[in-house]
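Taking it in order: structure first as structure tokens, then the write-up.
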Amino acid sequence: MEESLTPPSDEPAVEFERRVYVPHYEGWTAQIKTSWDKDYCYTKNPGEDYFHLLLCGEVYLVNAEERLCLNCAKRRGVITDDRLYWQRGVRRAPPPAF
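Numbering-wise (the numbering used here), the sequence shown opens with residue 38 and increments by one.
What follows is the structure in structure tokens.
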């Protein structure tokens, strides 16, 4: 008997929003790390006292010499998954540069 690759119709399929937005995009570019050179995110994770590696194939953001993984960029407010950020009326100030 062949297995079905689709979920049963009585169970709703869960979809995750994978799009991210950069509300204050001036100076930021998205890049894909294409080497195994040791490049580090410029922000430490909460509770850690070290900078973490960016891995080959990882999408990250660059502004001048600053590199941010997407998790740190979201935590710092550089990116958002809120698709309606532009409709919120008052614009926030750009996040601080480190």
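Ideal Cβ positions, reconstructed from N, Cα and C, are used throughout, including at glycine.
CB contact flag (Y62, D119, <9 angstroms) = Your numbering for residue 62 matches position 25 in the sequence shown. Your numbering for residue 119 matches position 82 in the sequence shown. No.
message = So for C78, helix, strand or coil by DSSP?
response = By one-based count along the sequence shown, residue 78 stands at place 41. Here C78 sits in coil by DSSP.
inquiry  = Judging by CA-CA distance, which residue of C78, T71, R55, F53 is the nearest neighbour of N100?
reply    = Sequence index remark: in the sequence shown, residue 100 carries index 63 (1-based). It is C78.
inquiry  = Suppose only complete runs of 4+ residues qualify. What are the alpha helix (DSSP H) ranges in the region 79–116, listed by chain order?
reply    = Complete alpha helix (DSSP H) runs here, min 4: 107–113.
ask   = With distances taken from CA atoms, which of G64, E52, N82, K75 is nearest K111?
value = Numbered from its first residue, the sequence shown carries residue 111 at position 74. Put simply, of G64, E52, N82, K75 the residue whose alpha carbon is nearest the alpha carbon of K111 is N82.
inquiry  = Less than 9 angstroms between the C-beta atoms of I116 and L98, yes or no?
reply    = Walking along the sequence shown from the start, residue 116 turns up at place 79. Walking along the sequence shown from the start, residue 98 turns up at place 61. Yes, the Cβ-Cβ distance between I116 and L98 is below 9 angstroms.
inquiry  = Excluding the 5 residues flanking Y87 on each side, which residues of the same chain have their C-beta closer than 8 angstroms to its C-beta?
reply    = Looking up residue 87 in the sequence shown gives position 50. Closer than 8 angstroms at the Cβ level, and outside the excluded window around Y87, lie K81.
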